[in-house]
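In order, the protein sequence lines correspond to chains R and S. Take the first sequence: its position 297, counting from 1, is numbered 288 in our numbering, and each next residue is one higher. Take the second sequence: its position 8, counting from 1, is numbered -1 in our numbering, and each next residue is one higher. Here a beta-carbon is modelled for each residue, glycine too, at the ideal position from N, C-alpha and C.
2 protein chains.
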Amino acid sequence: MAMDERARHLLKSLIEQHIANGVPVGSRQLAKGAGLNISPATVRNVMADLEDEGYLISPHTSAGRIPTHVGYRFFVDALLRVVPLSPESHQLLIHRLGHYIPDTEQVLHAATEVLSELTHMAGFVRVPRRANRTLRHVDFLALREKEVLAIFVTDKGDVENRLIRTEHALSAAELNQAANFFNESYGGRPLQEVIQHLQRDLQQSRHEMDRILRSAMELGEEMLEEDQQRMLIEGEFQLLDLPELAGSERLRELLNAVRQKRDLVHLLDGSMRGSEVRLFIGEESGFAPLSDCSVVSAPYVVDGEVLGVLGVIGPMRMPYQQIIPLVDGTAHLLGRALSQS
Amino acid sequence: MAMDERARHLLKSLIEQHIANGVPVGSRQLAKGAGLNISPATVRNVMADLEDEGYLISPHTSAGRIPTHVGYRFFVDALLRVVPLSPESHQLLIHRLGHYIPDTEQVLHAATEVLSELTHMAGFVRVPRRANRTLRHVDFLALREKEVLAIFVTDKGDVENRLIRTEHALSAAELNQAANFFNESYGGRPLQEVIQHLQRDLQQSRHEMDRILRSAMELGEEMLEEDQQRMLIEGEFQLLDLPELAGSERLRELLNAVRQKRDLVHLLDGSMRGSEVRLFIGEESGFAPLSDCSVVSAPYVVDGEVLGVLGVIGPMRMPYQQIIPLVDGTAHLLGRALSQS
DNA sequence: TATTAGCACTCCTGATGGTTGAGTGCCAAG
DNA sequence: CTTGGCACTCAACCATCAGGAGTGCTAATA
């Protein structure tokens, strides 16, 4: 049973009003606000139907109604018209992400921050995947007796290092030799390939120098795995003054969940497939602490490839028509910024 | 007018009770709890005196009394007996910080986390000063045309890197030469010295290669300056369910302040002088958002030198006699852990 | 002189109850 | 199908009241 035109209009109007005011919407209010020449009684009938079909719910008998996550979903899919980014927001985005910033980390930070600032919600950026990076350079430095610092550099300028304990002291010459071997054999190759090769080559060897190489390999592996976990989040506290979550119990849960990141990362990585903005509304995320929230995310593309995803976390009741283009725009700009650097 | 023995005992007892229960303490309660054979009326007289002298205050006419920050200060200075670390806490501390962990960053993280966990408050660690580190190694890598990645390594294994844009493309040989020059001239010298020398030497030169060196110098400067700002904080939201700050307004302020770090860092750096645990109780910090909180901090010592400070932020009403040894112990262990690595 | 019992007073807290207003569901008339 | 009417529900607000904890003060006591 499809919704008729009038019902859709009323649903749209109701959700818009609720987003604007945050209070349940009653039949009188809605009848007036919707602009249709229609009596509250009629509206009540329609609302009752919409409630039956799961789009609305009333917090208690004599309150108005508020949208369910199903209602919001229908709203964003079928009723919503996104508005273009406001000039001021666009300005600010350009200002923060449009310039050349040499450091990747800084760019990511700027993006997270700007998301949080412009939306007054929590902003996040999943760090770029490194899977397709290639190895640019390796260095082994003897820091002290039996301690070697391994440094990995990728072609994009990622630098990662690790302290390795060795059984015997190794001379600078030996380490140099190892580094040279490493660079000559593997320099310019994709990290993943390097690791696979090393895994095979080092399977059964037990030489001391091979231990260094093995550790180096582990470092490489960590570089690939580490960013499985990494994610920048800013403005979690903005979630504090969402009246809808005021009951501190749920709030704590949410903040903890956001802090943990693990499940969140999992959720987001699933949304890296397409190249479009994606929404998780309320329970849709299948992740309990988020069930009162919505997540708006968009993948960002660097040199033609989706490297990560960014977005915001906020209340279900958020101005989607503005948030969506904002997240989208930020994703584009971040992609561009990262392509330059 | 010194406080007589009985007054001190009562003050102590009152504060202990208030720390335990969180509610204002009345004369009846106190008379019973203090173990003295004394009537509530007498206690009232004493309490009135203590209030006059600024140690106590009553939230309203017919509530009991609670300590002021002056009261707490007297308490910790003159009345408090710290208890030894509980075996379980000690165990946990050892478990988390007693092992060898190669990565400095990880150790610092572990310390922050364990502080927050054991105290159920916000834990922080100021990152170690690098001022006295020496330069171990410098590398310049051409990443692309006109982009050079500079990598600095200190003797402790800190690695820092920076992307430098150049006007002209530089060959690998040229960069190598620059790095060699750098390493030969400055390797093994303290960072600060390196920077000073470079500042002098490069004052008026304008060669392309000198630009690289200058950028490298800036990187070095950043390494020294950066950690002026850096501080790890964990468990901020433990502060959420302090009943004393429930009014979300103050709470937001506090969380923001903690997030900003700037003033906090400033406050803490002042407390790196001595080698003892230090407390800032309430307004003592001279930092408005903290005026309802206490900060317990302790400097940590690596190789005989104070390199940083760590501690916790919590309500004024905290079990100081346990928190103090805990912070102290953590500082010792962190110092030890960092000496090894 | 220090301590204590007694007493009047203050003020928070929680319960009670009435009123108001928004909103609903249903029914019968248009 | 729409609408006005109507009875009903319920949260929110407010005033009131009793109870209780606690105080300060005073006068008696040891």
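### Task
Taking only beta carbons into account, state which residues of the region 110 to 130 of chain S come closer than 9 Å to chain R, listed in chain order.
ARG127, HIS128, ASP130
### Task
Quickly, what does DSSP pair S:ILE272 with across the bridge? List them, please.
S:SER285
### Task
Consider the Cβ of R:ILE224: report whether some Cβ of chain S lies at a distance smaller than 8 Å.
no
### Query
Based on the DSSP secondary-structure assignment, which residues constitute the bridge partners of R:ALA133?
R:VAL139
### Whole-angstrom distance between R:THR110 and R:ASP319, CA atom to CA atom
13 Å
### Query
In three-state terms, what does DSSP make of S:ARG120?
coil
### Task
Give the interface partners of R:VAL286 over in chain S, defined as CB-CB distance under 9 Å, in chain order.
Correct list: empty, because the minimum Cβ distance to chain S is about 20 Å.
### Query
Who are R:PRO290's beta bridge partners in DSSP?
R:VAL300
#### Entry: Helix, strand or coil at R:ASN152 according to DSSP, with G and I counted as helix
strand
### Terminal residues of the beta strand (DSSP E) in which R:ILE29 lies
Where R:ILE29 is concerned, there is no enclosing beta strand (DSSP E), given that its DSSP letter is neither H nor E.
### Query
Which residue comes first and which comes last in the alpha helix (DSSP H) that contains S:LEU258?
253 to 260
### Between the CA atoms of R:PHE228 and R:GLY326 - distance to the nearest angstrom
27 Å
### Task
Look at the Cβ atom of S:GLY55, then the Cβ atom of S:VAL116, and state whether they are nearer than 8 Å.
no
### Task
Can you give me the Cβ contacts of S:ARG221 inside the same chain, cut-off strictly under 6 Å, excluding the 5 residues immediately before and after it?
VAL118
### Query
Taking any Cβ of chain R, which residues in the region 142 to 160 of chain S have a Cβ under 8 Å from it, in chain order?
ILE142, VAL144, ASP146, LYS147, GLY148, VAL150, ASN152, ARG153, LEU154, ILE155, ARG156
### Query
So which residues on chain R does S:ASN247 lean against when the C-beta distance must stay under 9 Å?
PHE228
### Query
Does DSSP put S:MET222 in a helix, in a strand, or in coil?
strand
### Message
Taking only three categories from DSSP, how would you classify R:ALA373?
### Response
In the structure as shown, chain R begins at -8 and stops at 332. Residue 373 of chain R is therefore absent and cannot be evaluated.
### Task
Helix, strand or coil for S:HIS128, going by three-state DSSP, please let me know.
strand
### Query
Where does S:PRO78 land, buried or exposed, given buried means 16+ other C-beta within 10 angstroms?
exposed
### Query
When the cut-off is 8 Å and only beta carbons count, does R:ARG19 lie next to chain S?
no
### Span of the alpha helix (DSSP H) around R:LEU88
78 to 88
### Query
Going by other Cβ atoms of all chains shown within 10 Å of its Cβ, with 16 needed for buried, is S:GLU(-4) buried or exposed?
exposed
### Query
Apart from the five residues on each side of it in sequence, which residues of its chain come closer than 8 Å, Cβ to Cβ, to R:GLU244?
ALA279, PRO280
#### Entry: Residue environment, R:PRO50, which counts as buried when at least 16 other CB atoms sit within 10 Å
exposed
#### Entry: Nearest-angstrom Cα separation, counted from S:ASP201 out to S:VAL409
Here chain S comprises residues numbered -8 to 332, so residue 409 of chain S is not present and cannot be evaluated.
### Message
Strictly by DSSP, which residues pair up with R:THR145?
### Response
R:LEU126
### Message
Closer than 7 Å between beta carbons: that is the criterion. Which residues of the region 70 to 93 of chain R meet it against chain S?
### Response
PRO93
#### Entry: Minimum C-alpha distance to S:ALA11 - residue among S:ALA328, S:HIS323, S:GLN312, S:ALA322
S:GLN312
### Query
Are S:ASP283 and S:ARG250 closer than 8 Å when you measure CB to CB?
no
### Message
Counting beta carbon pairs with one atom in the region 122 to 129 of chain S and one in the region 177 to 188 of chain S, are three or more of them shorter than 8 Å?
### Response
yes
### Task
Determine the chain R residues that contact S:LEU134 at a beta-carbon separation under 8 Å, and present them in chain order.
ARG127, ASP146, LYS147, GLY148
### Chain-ordered neighbours of R:ARG243 on chain S, where CB pairs are closer than 8 Å
PHE228, LEU231, ASP232
### Spatial neighbours of R:MET8 in its chain, beta-carbon cut-off 6 Å, leaving aside the 5 residues before and after
Sequence check: residue 8 of chain R is Gln here, not Met. Closer than 6 Å at Cβ, skipping near neighbours: VAL16, GLY24.
### Message
Using 8 Å as the threshold, is the C-beta distance between S:VAL61 and S:ILE315 below it?
### Response
no
### Task
Let me know the secondary structure DSSP gives R:LEU21 once reduced to three states.
helix
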